[in-house]
Structure formats: C-alpha cells, structure tokens
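Student: Here it is, the structure, as structure tokens.
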DNA sequence: CATCGATGTTTAA
DNA sequence: TAAACCTCGATGC
C-alpha cells in the first residue's frame, strides 16, 4: 500500500481524527520513547503528506513517519474511528471494539500486540504504528532539509489541476538525469510519491519504454507522463487502492481480453478475482492491449515490468 | 518451525 | 551491487 496515495490518505485521516486535539503518545515497543515523550500532551496543528513522507506539525516540532515497505498505521476507537482504515502494509483487520472508558473519560485501549513503535491516543480512540522505516521528531532545520531533497508530488496539486511550477520542476529534474526513465521516476528527488506499481503502470499507460534515458524523453511525453501519474495517484488516493486497469477500459473491449486474475492467492487477498494492473506482476502473460508477452527484469534491486509492444522510445 | 517476500530507503563495499 | 533495516502473513517442509 505505501506509495504516495496511501500517505495522503493517512494525512487526511490524521487531519480528521487528531488535529487540534491534545494527544498522548507512547512507544509500547520502547524504540520511540524519547520522541513520544516530546510529542505527548500537546496538540498537533497540521498533518501533511509529501510523497511517501507523513509530516505532523506539533508546534515547531515535526513528527516524520516513513512507512517504508511494510510499515502500517491501524486505528481503533468509538464510532468516529470506525471508518478509519489501516493504512500501509496489509494487516488483518481488528475485531469490532466495544469501547470502555476510564474515569477521566478517555477510551481504554487494548494492550499493544506485537511491535508497536508508537501509539497515539485521544479521548475517543487511538492509532498504532508498526514497522516504520523512519519515525523521528524533526526540528525546523531538519524539516527544511528533508523537503529540499524531495521532488514535486503530483498530489500536492489541487484535484483536477496541473500546477505548472511542479510540472516544470519535474521536467528540469528529468533533463538532469541520464539514468533510465524507470530509475528516474522512482527517485524521490525527481518526483515524490511514485513506487514500483505506479512506475510500471504509468509508463505502460503513457506508452514509454522504461529504458529510455530520462534526459532523452521528448517534452510532450514528459508532460504526458506527469499527467498520467497525476491521474493515477489521484484515483489511488480517492479509492485507497491502486487500480490502474478498469473492466470497462476501451482497450480491453477492443481485444475482448480476460481481466480475471489467476495469480495464486490474488483473489483471496483482494477479495475479488478481477485484475487491477496492466503489467505489474503479470510477466509472462499476453499484454491485454497488444498481445505481446509482458516482460520483467530486476533493475536496481526492484522488479521492473513492461510491455515491449506498447512501450516504445 | 523455518524461510520468503512486499507497494522502500540508507549505508557499506 | 549488496546488505541491512523495519514487521508479519504466507508458504513450505
């Protein structure tokens, strides 16, 4: 789950549940004890996402959380917490809670299970953070330094709009790289929020050969890629899931392609057997658009997927 | 019960 | 390029 869309959902959820309310912060696992003490008893003013970073402003301090590959936040509490979803790596959903309250009116949380790095608690609910790659409190200087090395985030544009300065930054960043566009688009200094699934799916939809050098990608294709990523990330943030392939996609209609997902366990995990991606994890099967065999190879330690028929220089 | 893998990033070699 | 790190569910023996 944790590509940029997840972090924006997370920031929204923080905004709704915690912002402006005095919270208690602990570290049941014991690995965030000092930071928790620093944040506890105060009221966060703002939660924002920038790419894959969650940044929660508490006075001049900023709580930085990066979920990495398998970090996750889970939420429990009264009915206002019911709609709060677990965000991050897949976790089994907790059973329905029967809220009980202490004398001070605060809900009594269940005992922390497993390695809970941070628990944040407000009167009507709490959230547990497990497995983050980063969890620390930044001062304003450290915050500025972090922001300075992040590229533009397509989700930091108003919905339905392309912000020229962000797109221009993307163009400039690509023009400065000689690595492949596949490597560049995963570089958080070039564009923030894109992970392995959006890389594969955006380059497929934009019809770009992932091996094209970033600085050789024609301007029109750079702009089209930004537009594609903006649309895909926006949809992912709205739906809470990465679904780049839709059953009514006209390309599917043309070929009468079968969109059922036969990967082992996929149907069980997703609750539906309908395939969600064009090329991601579909190596060795016919492309649903052109029929060529979808390719996969290791690139800088990550798996790259593409269709050699649809994606050209 | 051991091993593997995952939508990620940093550090060492 | 490889290993380390953060966690836990799935898979295999």
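In UniProt numbering, the protein residues as written are 1 to 313.
No residue lacks a Cβ here, since even glycine has one placed at the ideal position from N, Cα and C.
Excluding sequence positions up to five away, which residues of its chain have a Cβ less than 8 Å from the Cβ of residue 174?
Tutor: These residues qualify, in order along the chain: 181, 184, 190, 214, 215, 217, 222.
Student: For a test of the three-state rule: what should DSSP assign to residue 293, helix, strand or coil?
Tutor: If DSSP states are grouped into helix, strand and coil, residue 293 belongs with the strands.
Student: Under a three-way DSSP split, which group does residue 270 fall into?
Tutor: Residue placement at residue 270 is flagged as unreliable, the pLDDT there being 47, under the threshold of 50; the coordinate-derived value follows with that caveat. Note: residue 270 maps to helix in three-state DSSP.
Student: Just grab the DSSP bridge partners of residue 129 for me.
Tutor: Per DSSP, 73, 118.
Student: In whole angstroms, what is the alpha-carbon distance linking residue 295 and residue 248?
Tutor: Cα to Cα, residue 295 sits roughly 24 Å from residue 248.
Student: Whose C-beta lies closer than 6 Å to the C-beta of residue 129 among residues of the same chain, with five residues either side of it excluded?
Tutor: For residue 129, where only same-chain residues beyond five positions count, the Cβ hits under 6 Å are 73, 117, 118.
Student: Between residue 97 and residue 13, which are expected to be in contact by the criterion C-beta below 8 Å, what is the C-beta distance as a whole number of angstroms?
Tutor: That pair is no contact at about 17 Å.
Student: Residue 241 to residue 212, Cα distance in whole Å?
Tutor: Cα-Cα distance, rounded: 28 Å.
Student: Under 8 Å between the Cβ atoms of residue 208 and residue 233?
Tutor: Their beta carbons are not under 8 Å apart, which means residue 208 does not touch residue 233 by this criterion.
Student: Excluding the 5 residues flanking residue 293 on each side, which residues of the same chain have their C-beta closer than 6 Å to its C-beta?
Tutor: Answer for residue 293: no residue qualifies.
Student: How long is the line joining the alpha carbons of residue 311 and residue 297, rounded to whole angstroms?
Tutor: Near 15 Å, if we compare the C-alpha coordinates of residue 297 and residue 311.
Student: Judging by CA-CA distance, which residue of 85, 133, 251 is the nearest neighbour of residue 11?
Tutor: Selected option, being the one with the closest Cα: 85.
Student: According to DSSP, is residue 205 part of a helix, a strand, or is it coil?
Tutor: Helix at residue 205.
Student: Starting from residue 34, follow the alpha helix (DSSP H) in both directions and report where the run begins and ends.
Tutor: First-last of the alpha helix (DSSP H) with residue 34: 33 to 39.
Student: Once you ignore the five residues that flank residue 112 on each side, which residues in its own chain have a CB closer than 7 Å to its CB?
Tutor: Once the five neighbours on either side are set aside, the close Cβ partners of residue 112 are 28, 119, 128.
Student: Are the CB atoms of residue 132 and residue 68 nearer to each other than 8 Å?
Tutor: A contact, by the Cβ cut-off of 8 Å.
Student: Under 8 Å Cβ to Cβ from residue 125, same chain only, skipping five residues before and after it: list those, please.
Tutor: Contacts found: 17, 75, 76, 77, 78, 80, 81, 84, 107.
Student: Closer than 8 Å by C-beta to residue 228: which residues in its own chain qualify, once you throw out the five before and the five after it? Chain order, please.
Tutor: Taken in chain order, the residues that qualify are 202, 205, 206.
Student: If we ignore side chains and look at the alpha-carbon of each, how far apart do residue 115 and residue 39 end up?
Tutor: Between residue 115 and residue 39, the C-alpha separation is close to 20 Å.
Student: I'd like the span of the alpha helix (DSSP H) that includes residue 164, first residue to last.
Tutor: Start and end: 164 to 175.
Student: So, using beta-carbon positions, are residue 51 and residue 187 closer together than 8 Å?
Tutor: Not a contact, by the Cβ cut-off of 8 Å.
Student: Can you tell me which of the three DSSP states residue 26 falls into?
Tutor: The answer is strand: DSSP assigns residue 26 an E or B state.
Student: Provide the residue(s) that pair with residue 308 in DSSP beta bridges, ordered along the chain.
Tutor: DSSP output for residue 308 lists no bridge partner at all.
Student: How many angstroms separate the CA atom of residue 269 from the CA atom of residue 157?
Tutor: Its pLDDT being 46, under 50, residue 269 is placed unreliably in this model, and the coordinates cannot settle the point.
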